[in-house]
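Numbering (the working numbering), first residue to last: -8 to 352.
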């Protein structure tokens, strides 16, 4: 089965096993394709024909087989005789959003992403709402000290909110965005997080990476640097809940040409007193109970992959310090306002509020 190994050489994790069911040799016969389609009962009835080098030569559906048989095709003939060679896929220089929208309009369920003709990922449009060409890194190494005693025996990302672990909300949202590779950096009670993902059914390939020591809010990126494959990555704290529009966030990052983009949370501070406006020792006026509006760091970032090389190995680095250094060095840092829910689960009150909110959904 060399052609399958070659075709799936760029895919790992659960996605590899799922994609393998849809791969057939381009030298197979029509009857062999029919048997392969029958084995896909209950799934998307589409096959991708790969040549010996693993490159996808074309596609075939159950409808193609039926039409061929109605036309009296000899089922011992080569599959290549009825193969669609002009098939829709996301290739190296294609706009993934345009391909996704085109597939939706045409009623195509499985959309392959190819690199040099080989499968890089296979996207199910019945499950995914977009395709973001990103790696993802979830920071899950914190101790959650403000939530003790809840976090004495369970890491904060695994605390149940609305009947589900906090981190699972974030993972599921990333998976719906077509992100195929997710890294989870762990430290405190990290083995519990590793075990959680070993027993969890996932669409993405999820890898837990253990910090040898605490590395700050962004320092652990140095641990995953060699395994990153996409030009950009999304980094986020795993203990927050948000309805951030990830596609709009990514589009904004690319449109601005930023090296790093911060998801920003609107934050207002109301002063319950009249504020004095002064100059030297003179009173210029008063402002009654003013409200000041700010943008706060939402703990979610998209950055170019090459920036990860600026983080020294085995070194404690917090995100604000890293971002400040980028600005000082003249790199472009943009922001994207979060329009919707954003909850940083840092205190018992935050946790109770989040649990009530998610239990109602």
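Even glycine gets a Cβ: it sits at the ideal position worked out from N, Cα and C.
Note that the structure is predicted; figures quoted are calculated from it, not measured.
So what does DSSP say about residue i, is it helix, strand or coil?
i           : result
residue 117 : coil
residue 72  : helix
residue 258 : strand
residue 194 : coil
residue 126 : strand
residue 152 : strand
residue 361 : With the chain represented from -8 up to 352, any question about residue 361 goes unanswered, as that position is not in the structure.
residue 142 : coil
residue 103 : strand
residue 307 : coil
residue 183 : helix
Just checking my contact of residue i with residue j at CB under 8 Å: how many whole Å lie between their CB atoms?
i           : j           : result
residue 326 : residue 255 : 4 Å
residue 52  : residue 66  : The Cβ separation is near 16 Å, so there is no contact.
residue 45  : residue 109 : 5 Å
residue 132 : residue 181 : 7 Å
residue 70  : residue 19  : 5 Å
residue 212 : residue 302 : 5 Å
According to DSSP, what are the bridge partners of residue i?
i           : result
residue 278 : 266
residue 284 : 259
residue 273 : 270
residue 327 : 254
residue 211 : Answer is none; residue 211 lacks a bridge partner.
residue 16  : 41
residue 227 : 129 and 291
residue 334 : 232
residue 49  : 40
Could you tell me which of the options sits nearest to residue i, measuring between CA atoms?
i           : options               : result
residue 253 : 227, 121 and 263      : 227
residue 123 : 95, 109, 154 and 172  : 172
residue 214 : 282, 130 and 289      : 130
residue 99  : 181, 337 and 80       : 80
residue 229 : 159, 203, 212 and 181 : 159
residue 241 : 251, 233 and 232      : 251
residue 144 : 184, 128, 107 and 115 : 184
residue 13  : 187, 217 and 28       : 28
residue 47  : 97, 90, 111 and 291   : 111
Any heavy atom of the ligand NAP within a distance shorter than 6 Å of the CB on residue i?
i           : result
residue 201 : Questions concerning the ligand NAP fall outside what the structure shown contains, since it holds no ligand whatsoever.
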